[in-house]
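Add 27 to the 1-based position in the sequence shown for our numbering, that's all there is to it.
Idealized CB from N, CA, C, for every residue including glycine.
Values in this document were obtained by computation on a predicted structure and should not be read as measured data.
Take a look at the structure below.
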Amino acid sequence: MVTSDVGSIVVALGGNALAPPGERASIHDQFRHTRESLAPIVDLAALGWRIAIVHGNGPQVGDELLRNEAGRDRVEPLPLGVLVAATAGWIGYMIQQSLQNALRRAGIEREVLTIVTQTVVDTQAPDALRPTKPVGHALSDDLLARLRGQGTVVGCDAGGRWRRLAPSPLPLDVVEADAVQRLVNEGKIVIAAGGGGPPVYADPRLGWEGVDAVVDKDRVAAILGTRLGSDTLLILTDVEAVYRGWGTPRQEPIRRLRAAEAERLLESEELGVGSMRPKVEAALHFVRSGGRRAVITHLARGRAGLEGETGTLITGDA
Numbered sequence: 028m029v030t031s032d033v034g035s036i037v038v039a040l041g042g043n044a045l046a047p048p049g050e051r052a053s054i055h056d057q058f059r060h061t062r063e064s065l066a067p068i069v070d071l072a073a074l075g076w077r078i079a080i081v082h083g084n085g086p087q088v089g090d091e092l093l094r095n096e097a098g099r100d101r102v103e104p105l106p107l108g109v110l111v112a113a114t115a116g117w118i119g120y121m122i123q124q125s126l127q128n129a130l131r132r133a134g135i136e137r138e139v140l141t142i143v144t145q146t147v148v149d150t151q152a153p154d155a156l157r158p159t160k161p162v163g164h165a166l167s168d169d170l171l172a173r174l175r176g177q178g179t180v181v182g183c184d185a186g187g188r189w190r191r192l193a194p195s196p197l198p199l200d201v202v203e204a205d206a207v208q209r210l211v212n213e214g215k216i217v218i219a220a221g222g223g224g225p226p227v228y229a230d231p232r233l234g235w236e237g238v239d240a241v242v243d244k245d246r247v248a249a250i251l252g253t254r255l256g257s258d259t260l261l262i263l264t265d266v267e268a269v270y271r272g273w274g275t276p277r278q279e280p281i282r283r284l285r286a287a288e289a290e291r292l293l294e295s296e297e298l299g300v301g302s303m304r305p306k307v308e309a310a311l312h313f314v315r316s317g318g319r320r321a322v323i324t325h326l327a328r329g330r331a332g333l334e335g336e337t338g339t340l341i342t343g344d345a
């Protein structure tokens with residue numbers, strides 16, 4: 028049970044936290060990394076926060092695409108939207124079990140459960156379904172040639188590596204948000220919108236239909252937080268904060284941004300197209316939609332970030 032109520036929070040946990048870049052992580056490695064990533068969430072549970080967790084799936088969906096390719100002569104490959112749902116299930120299982128064990132060791136009685144939620148996307152926007160987002164691992168020359176021969180769209184990422192490209196339409200809503208809200212308000216810790224959630228659209232005749240695409244999990248975390256009425260969005264990543272001059276001798280962390288300042292930072296192109304831009308965009312969306320604050324900080328320093336000791340705090344303009 029929740030013994031106190033300090034507020035409602037959505038925690039966005041990066042997929043790289045469970046499978047770090049450059050490591051060929053076995054499932055045992057991913058369980059280990061998962062266990063190591065959960066200390067901030069245990070801290071929040073101990074303090075009485077009502078918690079929803081959204082996680083990434085970049086490395087894991089890359090593995091599933093490789094399995095698709097390796098087995099395509101013997102079994103029918105699964106489409107990307109189904110792979111997103113599959114990874115939401117098994118990554119959710121890893122987080123759920125690991126968090127249950129960590130809470131028990133800490134003497135905290137909180138139920139943890141995983142829901143495979145669907146994310147409504149805007150399929151009508153110009154270029155919404157044009158493949159532009161790199162997904163999966165870098166491609167070998169042989170696999171690149173084979174995928175091109177199959178008609179798969181490929182392109183270079185920011186690092187010059189050839190990868191598959193997938194559509195990444197704008198997320199609008201989470202279908203099961205009301206159910207998540209009921210569970211969170213009961214004190215349960217809910218893992219939802221894994222990998223951003225499998226994207227869907229409303230077909231006038233059939234109802235919900237899947238889209239073979241990916242969505243940004245941080246933006247979905249912001250949308251879910253808005254639907255839950257959460258006061259805080261905590262984005263945990265592999266750097267301490269948002270930086271000015273990132274990668275230069277003059278780089279320095281930005282400790283606080285009001286919404287208008289965050290907008291100007293995004294307009295300045297200083298963040299480029301790197302992984303920090305969508306996090307700032309998600310944080311801005313959250314505070315512009317009624318959230319009290321968003322914090323972007325390192326995975327290991329979630330509680331310190333919430334207490335203002337590290338990270339970047341983004342708030343409204345008031």
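(message) Taking the beta strand (DSSP E) that residue 161 belongs to, which residues open and close that run?
(response) 160-162
(message) Does residue 230 come out as helix, strand or coil in the three-state DSSP assignment?
(response) strand
(message) I'd like to check one pair, residue 265 with residue 41: are the Cβ atoms closer than 8 Å?
(response) yes
(request) Look at the alpha carbon of residue 30 and the alpha carbon of residue 279, and state the distance between them as a whole number of angstroms. (result) Confidence at residue 30 is low in this model, with a pLDDT of 48, below 50, so the placement of that residue should be treated as unreliable; the coordinate-derived value is given next. Cα to Cα, residue 30 sits roughly 39 Å from residue 279.
(request) Could you work out which residue in 108, 316 and 52 is closest to residue 86 when comparing CA atoms only? (result) 52
(request) Scan the segment 71-157 and note each continuous beta strand (DSSP E) run of 3 residues or more that stays entirely inside, going in chain order. (result) 77-82, 139-141 and 146-148
(request) Specify the secondary structure class of residue 33 as computed by DSSP and reduced to three states. (result) When secondary structure is reduced to three states using DSSP, residue 33 falls in the coil class, being assigned neither helix nor strand.
(request) Please name the residue in 207, 197 and 170 whose C-alpha comes closest to that of residue 189. (result) 170
(message) Looking only at its chain, what residues have a beta carbon closer than 6 Å to the beta carbon of residue 284, apart from the 5 residues adjacent to it on each side?
(response) 341
(message) Taking 6 Å as the limit between beta carbons, can you name the residues of its chain near residue 83, skipping five residues before and five after?
(response) 41, 42 and 244
(message) For residue 56, report the span of its alpha helix (DSSP H) as first-last.
(response) 54-64
(request) With DSSP as the reference, label residue 326 as helix, strand or coil. (result) helix
(message) Counting C-beta neighbours from all protein chains within 10 Å, is the total for residue 35 16 or more, i.e. buried, or is it exposed?
(response) buried
(message) I want to know whether the segment 139-151 touches the segment 212-226 - three or more CB-CB distances under 8 Å.
(response) yes
(message) Closer than 8 Å is the cut-off here; do at least three beta carbon pairs connect the segment 191-209 with the segment 232-252?
(response) yes
(request) Return the residue from the list 254, 64 and 224 that minimises the CA-CA distance to residue 147. (result) When C-alpha distances from residue 147 are compared across 254, 64 and 224, the shortest belongs to 224.
(request) Pick helix, strand or coil for residue 24, following the three-state DSSP scheme. (result) The structure shown does not extend to residue 24, since the chain is modelled only from 28 through 345, so no value can be given for it.
(message) Restricting to Cα atoms, I'd like to know which of 222, 235 and 337 is closest to residue 39.
(response) 222
(message) Measuring alpha carbon to alpha carbon, tell me which residue in 69, 89, 271 and 90 is nearest residue 80.
(response) 69
(message) Closest to residue 119 by C-alpha separation, out of 61, 303, 98 and 135, would be which residue?
(response) Of the listed residues, the one whose Cα sits closest to residue 119 is 61.
(message) Check this for me: beta carbons of residue 260 and residue 64, under 8 Å apart or not?
(response) Remark: C-beta atoms of residue 260 and residue 64 do not approach each other more closely than 8 Å.
(request) For my contact list, residue 309 and residue 249 are in at a C-beta cut-off of 8 Å; report their separation, rounded to the angstrom. (result) 4 Å
(message) Please state the DSSP three-state secondary structure of residue 179.
(response) coil
(request) Would you kindly work out how many angstroms separate the C-alpha atoms of residue 128 and residue 294, rounded to a whole number? (result) 44 Å
(request) Starting from residue 237, follow its DSSP beta bridges and name the residues at the other end. (result) 227
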